[in-house]
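Below is one structure, written out as structure tokens; the observations come after it.
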Amino acid sequence: MNREILLEVKNISKTVYGMAGSKVRVLDNVNFQIDNPETKGQIISLAAVSSPELTSLLKIISAVEKPSEGALYLYGKQFHKPEGKIVFIPEHSSSFPWLDVEQNVKFAVKFKNNNPEEIDKKVKEAILFAGLDGYETHFPDDNSLGFRFRISVARAIAADAKILLLDEPLRNLHGETKKEIFNLIKEISKKFNITIIIASTNISDSILLSDKIFLMTRHPGKVADTIDIDKSKELSIHSDYFQVLKREIEKLFFGYENIPLK
Amino acid sequence: MRLKSAQAKNLYKYIISYFVLWILLFEFILPVNNILPKPSVVLLSFSALWNYYRLPYNFSVTISAVYLSILIAYFITAALSGYIVRKNHFVTELLLSFHWFSNFIPAIIFGFFLIYWLPSSIYIEYLFAFLIALFSLVIRINEESAKVKHEYIDSAVSLGVSESVILKKVIWKSLQPSIIRYLIVLQFNIWSVLISFEFIKGGYGLGRIYRLAINYKDLSALFTISIIVGVTIYLGTLLINYFKNKFYNWSLD
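Chain order of the listed sequences is A and B.
Numbers 0 to 261, taken from numbering that gives the first Met the number 0, label the letters of the first sequence in order.
Numbers 0 to 252, taken from numbering that gives the first Met the number 0, label the letters of the second sequence in order.
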């Protein structure tokens, strides 16, 4: 078991059949690897100008979808089926509206664990961390997008996930809710040894959140560049470092599209 | 909500208006006619229905056939839900093959065959209603399962939950509101087909009362039994809606 490399995505390609039976290459030889963090989790962004390629890649990494070609390795061991170690959280809420908060979180563990005490302990811990204590009997539908996101996060924590795949978690969010989710993502990576992979079409969010960004082309999706974020530098929307990074990434994106910069 | 209550208010206004119009027109202006019976005669016809047409027995036969068949069909589909919602499973394919026939052969024709095969059985009415309920539900569930939000399925799959759990606890669960809503349509369809079936077969049930009332040219019995059927279906709808709002009150939008 290779403890140095957490996840390896090797030559992943995906071809789907479009309208009128035509073949569409969604992903083409995607390659990247994520090192195993020693002390705390890390946040990695997969950034692109369009989201279908990103969503497809996340589904493949979580083994929800099968790739047309290529292989995936977790701790150096190839995997084909989802085992709950890599949890995918879709863009829209994935919490079940027919279950309350506690039942939603329990769903992640009760079918895989026969020890009721252990289940209760894990569920309680996850609920507490996600800031949902006191809301155990609430239903997702009665609450905000942020609340539903917290349920999905609690579920992943209860499942002992090693990698959390978030599909555009900040899209269509504004103001306080966006800030709340933003902070929650940072908190998970700090508190738990969970690596978070975020698919994002928003460059600013990717820079502010991530330790590393994989830039992807579109039609088909392919990892074209890797940007390491220097966390020792001041990182806010108004900082020079942020602006330089943003311009650099935009330039690279325009380059992939063969669009001349003005 | 406000719109709904306003609509309901208007509906009740219309119902009361029709009722008053019926009393005025058929009690006082046109007491002897062949269109609708006199309101006072309708009141009297209840006792005739009770005694001569054996209303309690015939009513209990039809109502039990309708609702027992729906109930049993629902529990059977729940038990088989793992197969029904699964695409390309042979059980699903087998059940859905009947759907193809039902596009061209009305259910009542199948009822004719049942009458021919088992003319004296008291159970064929139940069997007929049950088969309609079962196949209607299977077809509906299969159609609806294609509309389940893939976000629910994807997230459950990534948690490493088994396929049977996903079928039962995610797909089947998320289908519940639409299935329960469909029961309202289903009860109406079964009432319609079953009354026709009883009318043709004779023997027992509300369809038999219709047949006798037409034979005896008893307009008031015909009218009264129609009111009873209408009120029963209305109460059935209220009951199903109550269950839906109480136990299956989530939205998938």
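For glycine and all other residues, C-beta sits at the position ideal for the given N, C-alpha and C.
With DSSP as the reference, please indicate the residues paired to A:Glu116 in a beta bridge. Beta-bridge pairing links A:Glu116 to no other residue.
A:Lys120 versus chain B: which residues are under 9 Å apart at the beta carbon? Chain B residues near A:Lys120: none, gap ~18 Å exceeds 9 Å.
Given that A:Pro168 touches chain B, what residues does it touch there, using C-beta distances under 7 Å? Near A:Pro168 there are no residues of chain B at all, since even the closest Cβ is about 13 Å away, more than 7 Å.
Can you name the start and end residues of the alpha helix (DSSP H) that B:Ile140 belongs to? Ile123 to Ser144
Quick one: list the residues of chain A neighbouring B:Tyr151, beta-carbon separation under 8 Å, in chain order. Ser93 and Phe95
Using the rule of at least 16 other Cβ atoms within 10 Å of the residue's Cβ for burial, across every protein chain shown, is A:Gln77 buried or exposed? exposed
B:Ala155 CB to nearest chain E CB: under 9 Å? The structure shown contains no chain E; its protein chains are A and B.
Between the CA atoms of A:Ser238 and A:Lys84 - distance to the nearest angstrom: 36 Å
For A:Gln32, the first and last residue of its enclosing beta strand (DSSP E): Lys22 to Asp34
Measuring only between beta-carbons, confirm whether A:Ala62 sits less than 9 Å from chain B. yes
Between A:Ile42 and A:Asp166, which are expected to be in contact by the criterion C-beta below 8 Å, what is the C-beta distance as a whole number of angstroms? Going by Cβ atoms, the distance from A:Ile42 to A:Asp166 rounds to 14 Å, so no, they are not a contact pair.
Count the other C-beta atoms from every protein chain shown that fall within 10 angstroms of the C-beta of A:Lys58, then say buried if there are 16 or more, exposed otherwise. buried
Within chain B, the residues that A:Phe110 reaches when beta carbons sit closer than 9 Å: Leu158, Gly159, Val160, Ser161, Val164 and Lys168
Which residues in chain B have a C-beta closer than 8 Å to the C-beta of A:Glu82? List them in chain order. Gly159
Coil, strand or helix - A:Tyr270 by DSSP: Since the first and last residues shown for chain A are 0 and 261, residue 270 of chain A lies out of range.
For the region 233-240 of chain B against the region 142-154 of chain B, are there 3 or more C-beta pairs whose distance is under 8 Å? no
Have a look at A:Ile228 and A:Pro36 and give me their C-alpha separation to the nearest angstrom. 15 Å
Under 8 Å between beta-carbons, which chain B residues line up against A:Lys58? List them in chain order, please. Asp153
For A:Ser44, which of helix, strand or coil comes out of DSSP? strand
Cα-Cα separation, B:Leu113 to B:Phe127: 8 Å
Scan the region 167-198 of chain B for residues whose Cβ lies nearer than 8 Å to a Cβ of chain A and list them as they occur along the chain. Lys168, Val169, Lys172, Ser173 and Gln175
So, does the region 4-24 of chain A touch the region 137-148 of chain A, judging by three or more C-beta pairs under 8 Å? no
Per DSSP, what are the beta-bridge partners of A:Lys76 in this structure? A:Leu73
Kindly list the residues whose CB is nearer than 8 Å to the CB of A:Gly130, restricted to its own chain and excluding five residues on each side of it in sequence; keep chain order. Arg149 and Leu183
Buried versus exposed call for B:Pro30 [16 or more other C-beta atoms within 10 Å across all chains shown]: exposed
Using CA atoms only, rank isn't needed, just tell me which of A:Gln102, A:Met215 and A:Leu98 is closest to A:Asn201. A:Met215
Does the separation of the CB atoms of B:Asp153 and A:Ser93 fall below 9 Å? yes
Return yes when the Cβ of A:Thr194 is within less than 9 Å of the Cβ of A:Leu6, no when it is not. yes
Compare the C-alpha of B:Ile75 against each of B:Val137, B:Gly159 and B:Arg53 and name the closest. B:Val137
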